[in-house]
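Everything on this sheet refers to the single structure shown next.
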Amino acid sequence: MDLGRSNFDLGDVGFTVSSKKEPAHKQCPFCNGDKVIIGADGQTATCPKCSGKGYSNDWDAGYNLVTRIEGPLTITGITLEIVSPDKMTFWGSQKGRGLIYRVKGYSDGKTNHIIEESRMLPSKEAAEVEEARIIKKG
Ligand SMILES: [Zn+2]
Numbered sequence: 001m002d003l004g005r006s007n008f009d010l011g012d013v014g015f016t017v018s019s020k021k022e023p024a025h026k027q028c029p030f031c032n033g034d035k036v037i038i039g040a041d042g043q044t045a046t047c048p049k050c051s052g053k054g055y056s057n058d059w060d061a062g063y064n065l066v067t068r069i070e071g072p073l074t075i076t077g078i079t080l081e082i083v084s085p086d087k088m089t090f091w092g093s094q095k096g097r098g099l100i101y102r103v104k105g106y107s108d109g110k111t112n113h114i115i116e117e118s119r120m121l122p123s124k125e126a127a128e129v130e131e132a133r134i135i136k137k138g
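Position one of the sequence shown corresponds to residue 1 (the numbering used here), numbered consecutively onward.
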């Protein structure tokens, strides 16, 4: 780990790829995906089976990998964080995290995202290459 310099500076702009696994969905059979049901009096009400989502999680179908390119992200903070391996989380995300960037510009509007140096990419094109690699890996 090079502690001497970061690839990005404060105010620089970069991109990253967010990825997560979400349960597969199946259409709600009670409302046929319409999100509402129609009563005998013709009035509509939010479907009680799917809470108005129109779908439910299909645990038998497993998970779908959902990826999204985030950016342009503006770097608002740079932190060197060293975590001992025994502080590792279940997901391994804490392991010797090294240089991390605090950014703004995330699609959810939150400003508390931190991105590890290895996941901060210099261009949208680089992020597209990384996204394709993540999808291929599955
Ligand atoms: Zn429903």
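Beta carbons: idealized from backbone N, C-alpha and C, even for Gly.
G39: beta carbon under 7 Å from a heavy atom of ligand 1? For G39, the distance from the CB to the nearest heavy atom of ligand 1 is not below 7 Å.
In chain order, which alpha helix (DSSP H) runs of at least 4 residues are fully inside the stretch 45 to 72? Entirely contained in the stretch 45 to 72, not one alpha helix (DSSP H) run reaches 4 residues.
Pick out whichever of Q27, L73, P72 and D41 has its Cα sitting closest to the Cα of W59. Ranking the options by Cα distance to W59, first place goes to Q27.
Please report the distance separating the alpha-carbon of M1 from that of G98. Bear in mind that a pLDDT of 47 at M1, under 50, signals an unreliable position, so the model cannot answer this.
Quick one: what's got a C-beta closer than 6 Å to T76's C-beta in the same chain, skipping five residues either side? If we look at T76 and ignore the five residues flanking it on each side, its Cβ neighbours are R102 and K104.
Quick check on this structure: which residue in E81, S19 and L10 has the alpha carbon closest to the alpha carbon of A132? Residue S19 is the option with its Cα nearest to A132.
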